[in-house]
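Enquirer: Going by the numbering used here, the first residue of the sequence shown is number 4, and it counts up by one from there.
Each residue gets a CB set at the ideal place from its N, CA and C atoms; glycine is no exception.
A quick note: this is a predicted structure, and the numbers were derived from the prediction, not measured.
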Amino acid sequence: MAMITILNLSNYFVPGLKAEDYPAEYLGQGYREHSNKIQRGFDVEVFQKIDVVNKNRVAKRNDIEKMLITSQEASPQTAETISQNAYQQKYNFQELFNAIAQQRAQREDFATVNTEFRYIKHSNGKKVFFKNGLASRIENEPLFDEFGNPSIQDTLNMIYNEKRLLIGFEARIKDHLGNIKNRYWSATYTPDSVFYANNETNANKHYQHYTIREIDHTGREIITDWHADNYAGKFLTGSSETVEDSLYGNNSFTRSNYTYENGDPDLPTSYHEEGINREGLAYSLDRTNITYNDKDQATGYHEVMVLIQPDGCPVSITTDAQFEYLDIPDMFGRDVEEDTVPDRILSSTVTVTTEHLNGAFDTKTTTTTYEYDDNNELTGAHAESTFFGKESRWYEYTDAQGHNLTRIGSKTGEDTYFYINRETSQIIIVAAEEVISTLKDGAEYSGYSNIQYEILGGTAMVTQENTHTVYSALHKVISRVEDTSIVYSNGLINNVPCVLSSQEHTEINQPLVDPLREFITVRDIYTTYFYDENGHVIDAEGEGTGSGYEYTDKDGWIYPYTSIISVDYEVIWGKVLKTDEIEEKYYH
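Quick look at the structure:
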């Protein structure tokens, strides 16, 4: 390939110019064949490779978190969809097409023409317009999420600095539902960066800083601000990032101690992270054993996180995850990067162990399988989970005569303690100062669940979850069995997949004292979620009924009761959190 050298570069370059602002006769120095492909890495989104996407190297730093979100059941208490981090799909368009533009310019002799009517059309429908040897805009570019849902992106106002490095652009993305998202990107580079550098050159091209501002069709605004701490040759050794999210809150973190697979700066295998999450809680984590397949798709990782709770106590969370992908044939011609074929998650297996200082712990393994039709479109999903653990310690309440007391909280914050006199059927109230509280060890438990999904707007939404849990007392004796079924109703609000309501039915049996299942406790709770016109959740209400029997060691099963249940929720940074539950019992 011919190399054209311009000596008096200062005569041609002015910082912050668009492609059309450069003189027509300048073709550029150092066009190369870009043979390396950069995988979007270990951020939480679609793992896909693209050609020399240096800014995408930074963008990929959260992909595993996103994969964790997609691999677990959709939360019934949030309207946040799995595409929440779509801003991380970023491309270095100038680099992606420089080689193609140069080759075709030499063949057709049009690169020196001062016009933007010359473009390259690709087999996937994308058009790349050039001005003076630089990509100036891109139209009709297909993008795909991790389930193959398509979007179309138009990129405008591509701005370059005096070293021909892309430092800004605007983009408009229209997803498969017709929703519009606007993206604004700007970046600075390290002083040693040159536009033609890639992993095979001695020269470097590194981001020093970038900012991304995104506004979606619901009005949600996300601003990502990233800084590089240091590089060692081709390798990023440390970075910091802050995300301001108008809907889900802010978070910030730093990453350090990167290691890489086989000396590839685009395939990190481990790093250390410290930060503040969206709830304002401090954490630190070590993510290790990040593995890849022969397509450079991330296939697994191990993570240990320590999260500091509001009371100052640490919680340890250990995660092991594995991912499989659907094998998709190349959808387009050889002029399009083979790795732009969308990755489709076929299955994921995620094991999470949570440990508390009070002795409580929980280990849950969830395998989620996604289903596609002959056109490779997502049609369904299902998941199966197994779990075991130990509950927190709890308090038993008695009086001086040995009566087991029932404690009922109220919205005023005053607790009531009572027992029922079996002979007179009277409710006997015990003064709080006469109550004896005894700390008991938490019960051990194990169980399983199965989850069914529907596909709504390209998103897997839970429709039903059935859970069976067995609790064991001393010597592994089964003390309680719970069976819960939750049915979810979902819908689109402003083209946003949302959970509209849930119906929960629970049956509780205590086989140690009720082997014939004659005294079952039953609870039914119906929860409604409320949204504004943009599809943002703003409130939730839960109400229900219950029935059962009181049991004491002294009197056995006593009078039956019915109850009215009310559940209070609070929406904090776009998520619905349960804050209180009141059950008023009426004895018969």
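For residue 131, which of 537, 158 and 285 has the nearest alpha-carbon?
Expert: By one-based count along the sequence shown, residue 131 stands at place 128. Selected option, being the one with the closest Cα: 158.
Enquirer: Determine the direct distance from the alpha carbon of residue 499 to that of residue 536, and round the result to whole angstroms.
Expert: By one-based count along the sequence shown, residue 536 stands at place 533. By one-based count along the sequence shown, residue 499 stands at place 496. Answer to the nearest angstrom: the Cα atoms are 10 Å apart.
Enquirer: On the criterion of 16 or more Cβ atoms from any shown chain inside 10 Å, does residue 94 qualify as buried, or is it exposed?
Expert: Within the sequence shown, the letter at position 91 stands for residue 94. Unreliable placement is indicated for residue 94, whose pLDDT of 29 sits below 50; the coordinate value is still reported in the next sentence. Buried, by the Cβ-count rule.
Enquirer: So within the segment 199-224, which uninterrupted beta strand (DSSP E) runs reach at least 3 residues, ignoring any that extend past its ends?
Expert: If we require 3 residues or more, the beta strand (DSSP E) runs fully inside the segment 199-224 come out as 210-218.
Enquirer: Comparing C-alpha positions only, which one of 522, 259 and 279 sits nearest to residue 563?
Expert: For this step, residue 563 is matched to residue 560 along the sequence shown. Answer by Cα proximity: 522.
Enquirer: With residue 492 and residue 530 assumed to form a contact (beta carbons below 8 Å), what rounded beta-carbon distance in angstroms separates them?
Expert: The count along the sequence shown starts at 1 and reaches residue 492 at position 489. The count along the sequence shown starts at 1 and reaches residue 530 at position 527. That belief does not hold up - the Cβ atoms of residue 492 and residue 530 are roughly 10 Å apart, past 8 Å.
Enquirer: Taking Cβ positions, are residue 390 and residue 303 nearer each other than 8 Å?
Expert: As a working note, residue 390 is residue 387 in the sequence shown. As a working note, residue 303 is residue 300 in the sequence shown. Contact: no.
Enquirer: Please go through the segment 235-272 and give each complete alpha helix (DSSP H) segment of 4 or more residues, from N-terminal end onward.
Expert: Entirely contained in the segment 235-272, not one alpha helix (DSSP H) run reaches 4 residues.
Enquirer: If you count every other CB in all the chains shown that lies within 10 Å of the CB of residue 398, and 16 or more means buried, which is it?
Expert: Position 395 of the sequence shown, counting from 1, holds the residue named residue 398. Under this definition residue 398 is an exposed residue.
Enquirer: Could you check the C-alpha separation between residue 585 and residue 550 for me, to the nearest Å?
Expert: As a working note, residue 585 is residue 582 in the sequence shown. As a working note, residue 550 is residue 547 in the sequence shown. The straight-line gap from Cα to Cα measures roughly 14 Å.
Enquirer: Closer than 8 Å is the cut-off here; do at least three beta carbon pairs connect the segment 346-360 with the segment 315-334?
Expert: Yes, they touch.
Enquirer: Can residue 480 and residue 532 be called in contact, C-beta distance under 8 Å?
Expert: To locate residue 480, count along the sequence shown from 1; it is residue 477. To locate residue 532, count along the sequence shown from 1; it is residue 529. Contact: no.
Enquirer: Opposite residue 583 in the DSSP bridges: which residues?
Expert: In the sequence shown, counting from the first residue as 1, residue 583 sits at position 580. The partner list for residue 583 (beta bridge, DSSP) reads 571.
Enquirer: Taking C-beta to C-beta, are residue 384 and residue 474 nearer than 8 Å?
Expert: Here residue 384 refers to the residue found at position 381 of the sequence shown. Here residue 474 refers to the residue found at position 471 of the sequence shown. Going by C-beta atoms, residue 384 is not nearer than 8 Å to residue 474.
Enquirer: Taking the beta strand (DSSP E) that residue 167 belongs to, which residues open and close that run?
Expert: Along the sequence shown, read from residue 1 onward, the residue named residue 167 stands at position 164. Element bounds for residue 167: n/a, residue is neither H nor E.
Enquirer: Based on the DSSP secondary-structure assignment, which residues constitute the bridge partners of residue 499?
Expert: Translated into the one-based positions of the sequence shown, residue 499 becomes position 496. Its beta-bridge partners are 496.
Enquirer: Starting from residue 435, trace the beta strand (DSSP E) in both directions and tell me its first and last residue.
Expert: Locating residue 435 in the sequence shown gives position 432, counting from the first residue. That residue, residue 435, is in no beta strand (DSSP E); it is neither H nor E in DSSP.
Enquirer: If you draw a straight line from the alpha carbon of residue 214 to that of residue 469, how long is it in whole angstroms?
Expert: Along the sequence shown, read from residue 1 onward, the residue named residue 214 stands at position 211. Along the sequence shown, read from residue 1 onward, the residue named residue 469 stands at position 466. In a straight line, the C-alpha of residue 214 is about 44 Å away from that of residue 469.
Enquirer: Is residue 588 helix, strand or coil by DSSP?
Expert: Position 585 of the sequence shown, counting from 1, holds the residue named residue 588. If DSSP states are grouped into helix, strand and coil, residue 588 belongs with the strands.
Enquirer: Are residue 150 and residue 373 touching if we call contact CB-CB under 8 Å?
Expert: Walking along the sequence shown from the start, residue 150 turns up at place 147. Walking along the sequence shown from the start, residue 373 turns up at place 370. Closer than 8 Å, so yes.
Enquirer: Could you pull the start and end residues of the beta strand (DSSP E) that residue 138 belongs to?
Expert: Residue 138 sits at position 135 when you count from the first residue of the sequence shown. Per DSSP, residue 138 belongs to the beta strand (DSSP E) from 137-147.
Enquirer: Rank 289, 547 and 514 by C-alpha distance to the C-alpha of residue 527 and give the top, closest one.
Expert: Stepping through the sequence shown from its first residue, residue 527 is reached at position 524. Selected option, being the one with the closest Cα: 547.
Enquirer: How is the beta strand (DSSP E) around residue 543 delimited, first residue to last?
Expert: Your numbering for residue 543 matches position 540 in the sequence shown. Segment 540-555, the beta strand (DSSP E) holding residue 543.
Enquirer: Can the beta-carbon of residue 570 be found less than 8 Å from the beta-carbon of residue 588?
Expert: In the sequence shown, counting from the first residue as 1, residue 570 sits at position 567. In the sequence shown, counting from the first residue as 1, residue 588 sits at position 585. Contact: no.
Enquirer: What is the rounded straight-line gap between the Cα of residue 177 and the Cα of residue 154?
Expert: Against the sequence shown, residue 177 aligns to sequence position 174. Against the sequence shown, residue 154 aligns to sequence position 151. Going by the C-alpha atoms only, they are around 5 Å apart.
Enquirer: Residue 263: which of 226, 195 and 299 sits nearest, CA to CA?
Expert: Numbered from 1 along the sequence shown, position 260 holds the residue referred to as residue 263. Checked all of 226, 195 and 299; the closest Cα to residue 263 is 299.
Enquirer: Do the CB positions of residue 552 and residue 430 come within less than 8 Å of each other?
Expert: By 1-based counting over the sequence shown, the position of residue 552 is 549. By 1-based counting over the sequence shown, the position of residue 430 is 427. Cβ atoms of residue 552 and residue 430: not closer than 8 Å.
Enquirer: Kindly indicate which three-state DSSP category residue 408 falls into: helix, strand or coil?
Expert: Your numbering for residue 408 matches position 405 in the sequence shown. The answer is coil: DSSP assigns residue 408 none of H, G, I, E or B.
Enquirer: Using a Cβ-Cβ cut-off of 7 Å (strictly less than) and excluding sequence neighbours within five positions of residue 248, which residues of its own chain qualify?
Expert: Stepping through the sequence shown from its first residue, residue 248 is reached at position 245. The answer, listed in chain order, is 225.
Enquirer: Between the segment 480-489 and the segment 503-517, do three or more beta carbon pairs fall short of 8 Å?
Expert: Touching, yes, given that three or more Cβ pairs across the two stretches are closer than 8 Å.
Enquirer: Do you know offhand how far residue 572's Cα is from residue 411's?
Expert: In the sequence shown, counting from the first residue as 1, residue 572 sits at position 569. In the sequence shown, counting from the first residue as 1, residue 411 sits at position 408. Spanning the two alpha carbons is a distance of roughly 19 Å.
Enquirer: Residue 180: which of 147, 198 and 252 sits nearest, CA to CA?
Expert: Looking up residue 180 in the sequence shown gives position 177. Ranking the options by Cα distance to residue 180, first place goes to 147.
Enquirer: For residue 268, count neighbouring C-beta atoms within 10 Å of its own C-beta (all shown protein chains included) and say buried if the count is 16 or more, exposed if not.
Expert: Here residue 268 refers to the residue found at position 265 of the sequence shown. Under this definition residue 268 is a buried residue.
Enquirer: Starting from residue 457, trace the beta strand (DSSP E) both ways and give me its first and last residue.
Expert: Locating residue 457 in the sequence shown gives position 454, counting from the first residue. Taken as a continuous stretch (DSSP letters only), the beta strand (DSSP E) holding residue 457 covers 447-459.
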